[in-house]
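Colleague: Chains as they are written, first to last, in our numbering: chain A, 1 to 488; chain B, 1 to 382; chain C, 1 to 86.
Backbone N, C-alpha and C fix where the C-beta goes; we use that ideal spot for every residue, glycine too.
In this text, all values refer to a predicted model and were calculated from it rather than measured experimentally.
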Amino acid sequence: MEKKHPLEVLTREERLPHILCTGCGIGTTMANLAEALMEEEAELDLDKVSIVSGIGCAGRAAGYFKLDGFHTTHGRPVAFATGLKLANPDLHVIVFSGDGDLAAIGGNHLIHAARRNIDIKVICINNFTYGMTGGQMGPTTPLGTWSSTSVYGNYEMPFNLPYLMEACGATYVARWTSAHAHYIKNSIREAMHRKGFCFIEVISACPVNWGRRNKLRTGKAMVKFFLDHTVVKTHPNSAEALIQMDTPIVCGVFVDKTLPSYLDVMQEQLSKKLGISVFRGDGKVELPEDKKETKTKTKPATKRLRPVQIKIAGLGGQGIGLLGLILGRAACIFDGKQAIYTQEYGPEARGGASSSNIIISSELINIPYVTKPDVMITMAQGAFRKYKKEIQPNSILFMDKDLVKPTALPKGVKVYAVPATRMAEQLGRAVVANIVMLGFFVALTPYISLEAAEKALNMSVPKGTEEFNLKAFKNGYDYGKRIKKEGE
Amino acid sequence: MAKDVLTGIHFLSGNYACVEGAIAAGCRFYAGYPITPSNEIAERMSFRIAQVGGIYIQMEDELGSMAALVGASWGGAKSMTATSGPGFSLMQENIGLAAMTETPCVVVNVQRGGPSTGLPTLVGQADVMQARWGSHGDYEIIALAPASSQECFDFTIKAFNLAERWRVPVIVLMDEVVGHMWERVIIPPKEEIKLISRKRPTIPPKDFLPFKAGKDLVPEMPIAGEGYRVHVTGLTHDEKGYPAMNDKAHNKLVTRLVDKIRKNASEIIEIEEIYTEDAEVILVSFGISARICRYILDQARKRGLKVGLLRFITVWPFPEERIRKLAEHIRAFVVVEINLGQIVFEVERAAGGQCDTFLIPHAGGHIHDPQKVWEKVKKFFK
Amino acid sequence: MIVRKPLNLAKFEIPKGRVIIFAERCKGCELCIEYCPKQILEFSEDYNEKGYHYPVVKPGMENECILCSFCQEVCPDFAIFVEKQE
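#1: Which first and last residues belong to the beta strand (DSSP E) in which Trp176/A is found?
#2: Beta carbons nearer than 9 Å to chain C: which residues of the stretch 23 to 49 of chain A have them?
#3: As a quick exercise: from Met221/B, Glu192/B, Glu277/B, pick the residue whose alpha carbon is nearest that of Pro388/B.
#4: Just to confirm, is the Cβ distance from Ser79/B to Asn109/B under 8 Å?
#5: Rounded to whole angstroms, what is the Cα-Cα separation between Lys306/B and Val232/B?
#6: Quick one: using the 10 Å Cβ neighbour count with 16 as the cut-off for buried, is Lys185/A buried or exposed?
#7: Does the distance from the CB of Asp388/B to the CB of Gln111/B come in under 8 Å?
#8: Does the beta carbon of Met129/B come closer than 8 Å to any beta carbon on chain D?
#9: Can you tell which of Tyr369/A, Gln269/A, Ile326/A has its C-alpha closest to the C-alpha of Glu490/A?
#10: Which residues of chain B have a Cβ atom closer than 8 Å to the Cβ of Leu91/A, listed in chain order?
#11: For a test of the three-state rule: what should DSSP assign to Met129/B, helix, strand or coil?
#12: Do you know how far the Cα of Gly341/B is from the Cα of Leu359/B?
#13: Please report the straight-line C-alpha distance between Gly211/A and Phe226/A, rounded to a whole angstrom.
#14: Among Ala67/B, Ile49/B, Val128/B, which one has its Cα closest to the Cα of Pro104/B?
#15: May I have the straight-line CA-CA distance separating Arg301/B from Ile282/B, to the nearest angstrom?
#16: Give a yes or no on whether the C-beta atoms belonging to Gly252/A and Val223/A are separated by under 8 Å.
#17: Which same chain residues end up closer than 8 Å to Pro393/A when comparing Cβ atoms and leaving out the 5 residues on each side of it in sequence?
#18: With distances taken from CA atoms, which of Gly25/A, Ala61/A, Val49/A is nearest Leu16/A?
#19: From Lys220/A to Phe88/B, what distance separates their C-alpha atoms?
#20: Spell out the partners DSSP gives Thr233/B in its beta bridges.
#21: Out of Glu272/B, Phe318/B, Ala363/B, which one is the CA nearest neighbour of Gly113/B?
#22: Ile109/B by DSSP, collapsed to three states: which one?
#23: I want to see whether chain A comes within less than 8 Å of Arg322/B, judged by CB atoms only; does it?
#24: Just list the alpha helix (DSSP H) runs in the stretch 177 to 210 of chain A, keeping only unbroken ones of 4 residues or longer that don't cross its boundaries, in chain order.
#25: What does the alpha-carbon distance come out to for the pair Met1/B and Lys284/A?
#26: Can you tell me whether Gly371/A is helix, strand or coil according to DSSP?
#27: Using a Cβ distance threshold of 8 Å, determine whether the stretch 176 to 190 of chain A contacts the stretch 73 to 83 of chain C, with at least three qualifying pairs required.
#28: Classify Arg132/B as buried or exposed, calling it buried when 16 or more other Cβ atoms lie within 10 Å of its own Cβ.
#29: Taking the alpha carbon of Phe56/A as the reference point, which residue from Gly131/A, Gly25/A, Leu67/A has its own alpha carbon closest?
#30: Thinking C-alpha only, which one of Ile111/A, Tyr477/A, Phe65/A is nearest Leu444/A?
#31: Scan the stretch 3 to 31 of chain B for residues whose Cβ lies nearer than 9 Å to a Cβ of chain A and list them as they occur along the chain.
#32: Is Met423/A helix, strand or coil when you go by DSSP?
#33: Consult DSSP for Asn237/A and reduce its assignment to one of helix, strand or coil.
#34: Determine whether the Cβ of Phe20/C lies closer than 8 Å to any Cβ atom of chain A.
#35: Residues of chain C with CB under 7 Å from Val223/A, in chain order?
#36: Which residues of chain C have a Cβ atom closer than 8 Å to the Cβ of Thr247/A, listed in chain order?
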């Protein structure tokens, strides 16, 4: 009977021999990964181990493992793995990819996943080259060495990956070479027992596309080079881990600390505030009971209202956005009508003239913008000046009595003025001038019912200020009612 | 704490309504990058998804966001992102990965004026072709175009359902106006919202072929961690999922991916037609432009002019059969889109010369001036 | 009082292993041969299908394998493993 290789439990043996070259360090690393997983099998559910790789020779590794494997796009395995892990935190996610895929095109994802301490294990095959595409230089090609795109010698400084990873916050950083077969396995096992972002760099032999052109013609020669030129330290300093051809390659475990992972920190910050202790993308979460009942029946509009265009103009900070929002909420949620609300503003956060525009109707409105306002509400002279030309003949103009001095109005414009800012100041805070205006507007126009306005106001102001705002509203409303009576 | 379905009457912007639709549809993974005018989606999603135990992660760029979406979907999540033009361009490679690996996911593009940085805060509708052809190679996606806040809610749910049913990335083509304007949104009770989830494997792992499809051309989808040990690759693959780089396997796979949508188009396509039966001129539009066209339609019919309106709810796949049929009995299609000509080419192609096709273009930054559109339409009836 | 116990070498069994080779998977990198601590492997005379010489146990050294597993752990091709000899 044909004996089976003990690692065949984990390999897609029908696809062996794999496409990698004689003596390829990726092969050794794959064997070590398989061994590590086999040795951990007692505690590890292999069904829950996923391997994610990118593009390149190292990227092909995922296809040879009998695990859930994902051969993704160039540079993106770390981002893909982030999504996979956060969707199902029960998975053990291993990223297996190369130096170009992880540190060049994928560099951004690498440093951010390390920063976030996402609980994934990254095995980085550093063979100094872009092997699959023929041996071009990469971000880890040692200075002065030959590559197909640096035929006179590479003149770029390479990354010191352990240093980079430590600086970004990785909690486990190790480096071995593909000659250190047993050590790679042990590091992987250690990483599987750690929670958080683990980075294992394996300096790997690429005899065909790098070694051969740099005087190390075979896998055997490269392994000998590694063995002769590495120094294994128990507490190596990642700052000294830069690889130069004439200095020893520092190997060992550079960083090994325990810090809360991304999900740990998320859970800690959010669970108290939300009453949820587990967060996952696949939705398998227990949510606390919520018994709030809400109505869906809209109150049918009592009578047909043709679209009314209302423009509210003021300076940034006067709360004209809020005013428009309250009108919209009153109309739609409580009065059974339709409304469209849009805003127009410049880049200034405060002080720039801006407008919010609301159209109220009993039917669906087609044109979303106010083109010919039936009503203009102005809270400041600057705003009045900017939007003056849009005031229509026979329309209504609401204004702050003290702040706006209207001039040259078109024919038939009815002006209603209220000292909104002064009244707000008298109440204690000038910021509610817009609410005073709201009350004033509701008193003098038939578009929003009093009940709806009050309900909408209640839901739109910061918690705890409802009573104060209602008072301001009432003051404006009463003022308006008084003016209406005087007018009759 | 807050519920996943906020049943009730709301006043919401399109962007906010989109988030509520996503949460109601079961979206529990969002990976995105801020970009105007879609920022409100990210902002609201960041706390709403946490309230239902989901994950919001602000990735370092749109490239990572799209990759994370595909990964999360294979982890069993209903995943979504939101972006605009420049970000949408960055996402294309991994949209291609999602199409090739048949990964359900939703990408919201709140279109703005382009090209390049363009007009970050103002409307455009010039990403229509990009939604269809943005990534390299032959593939098909589904794209929806909501035209109101209510539709932003409804169509986001629809997007998730379509993505899960057909195992494709679904693009929700909003635009800045629809995204930023506020309207009434009615959110129904949870029981009334129909949700679809991906087809799961019906046989145990031993004999299961992850990329073998039945009559509907959609394979059953295993997810990571269930023992199916599935291999998923962006390379051309066989039914086992293993790379198979030869033209036979390639033709088999890519043809199925494309046919999956084309042959099932009748189940996917949704259009809205108003007064098209007796129309002489049909306005064709989608998104916010369709609302303008609706106004024009009302004006025309009030004056007895035989104008009709065809609105794309699904922009892709394109309803060429219906266009072809309508072209038989009308004088002209008038396409109104906020770009210098994109969907009009599809309309013209489908009309097959049976009638004229006109475009009322607008490079972007604002919706069409209804008066100008009205003047052009009136000319047909002089 | 703690006393060191003298080492009883007779009690210690050097593990005995058996090397199994998958000739068709081998790509002739020679790492197993080079680094076997007991030097029990050598290249075969003949070739496998891909044209590589593959490792074979040197005649007479079948019982010299000490089960260190280095060949199994360094082989890039899953082409060699060791198992315990009973």
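Modeller: To lay it out plainly:
#1: Run containing Trp176/A: 172 to 177, per the beta strand (DSSP E) assignment.
#2: Residues Gly23, Cys24, Gly25, Ile26, Gly27, Thr28, Thr29, Met30, Ala31, Asn32, Ala34, Glu35.
#3: Within the shown structure, residues of chain B are numbered from 1 to 382, placing residue 388/B beyond reach of any answer.
#4: Against a cut-off of 8 Å, the Cβ pair of Asn109/B and Ser79/B comes out as no contact.
#5: CA-to-CA, the gap between Lys306/B and Val232/B works out to about 53 Å.
#6: A residue is called buried once 16 or more other Cβ atoms fall within 10 Å of its Cβ, and Lys185/A is buried on that count.
#7: As shown, chain B starts at 1 and ends at 382. That puts residue 388/B outside it, with no answer to give.
#8: Considering every chain present, this structure includes no chain D. Its protein chains are A, B and C.
#9: The question about residue 490/A has no answer, for chain A in this structure spans 1 to 488.
#10: Taking the beta carbon of Leu91/A as reference, the chain B residues within 8 Å of it are Gly75, Ala224, Gly225, listed in sequence order.
#11: DSSP, read as helix, strand or coil, puts Met129/B in helix.
#12: Within the model, the alpha-carbon separation for Leu359/B versus Gly341/B is close to 7 Å.
#13: Answer to the nearest angstrom: the Cα atoms are 12 Å apart.
#14: The residue with the shortest Cα to Cα distance from Pro104/B is Ala67/B.
#15: Arg301/B and Ile282/B: Cα-Cα distance of roughly 12 Å.
#16: For the pair Gly252/A and Val223/A, the CB atoms are not nearer than the 8 Å cut-off.
#17: If we look at Pro393/A and ignore the five residues flanking it on each side, its Cβ neighbours are Pro410, Lys411, Gly412, Val413.
#18: That would be Ala61/A, whose Cα lies nearest to the Cα of Leu16/A.
#19: The alpha-carbon atoms of Lys220/A and Phe88/B are separated by roughly 47 Å.
#20: Note: Thr233/B is bridge-paired with His71/A in the DSSP secondary-structure output.
#21: Across the set Glu272/B, Phe318/B, Ala363/B, the C-alpha of Ala363/B shows the shortest separation from the C-alpha of Gly113/B.
#22: According to the sequence as given, residue 109/B is Asn; it is not Ile. Asn109/B carries a strand assignment under DSSP once its states are collapsed to helix, strand and coil.
#23: So, not an interface residue.
#24: Fully enclosed alpha helix (DSSP H) runs of 4 or longer: 181 to 192.
#25: Unreliable positioning characterises Met1/B in this predicted model, as indicated by a pLDDT of 44, which lies under 50. The coordinate reading is nonetheless provided below. C-alpha of Met1/B to C-alpha of Lys284/A: approximately 17 Å in a straight line.
#26: Note that residue 371/A is Thr in the sequence shown here, rather than Gly. Thr371/A: coil per DSSP, three-state reduction.
#27: Taking a cut-off of 8 Å for Cβ pairs, the stretch 176 to 190 of chain A and the stretch 73 to 83 of chain C touch, as three or more such pairs fall below it.
#28: So Arg132/B counts as buried.
#29: According to the sequence as given, residue 56/A is Gly; it is not Phe. When only C-alpha atoms are compared, the closest one is Gly131/A.
#30: For Leu444/A, the closest C-alpha among the options Ile111/A, Tyr477/A, Phe65/A is that of Tyr477/A.
#31: Per Cβ criterion, the list reads Lys3, Asp4, Leu6, Thr7, Gly8, Ile9, His10, Phe11, Ser13, Gly26, Cys27, Arg28, Phe29, Tyr30, Ala31.
#32: Met423/A: helix per DSSP, three-state reduction.
#33: The DSSP-derived three-state label of Asn237/A is coil.
#34: This sequence places Ile at residue 20/C; Phe is not what is there. So yes, Ile20/C belongs to the interface.
#35: Within chain C, the residues near Val223/A are Leu31.
#36: Result: empty, since nearest Cβ-Cβ is about 24 Å, beyond 8 Å.
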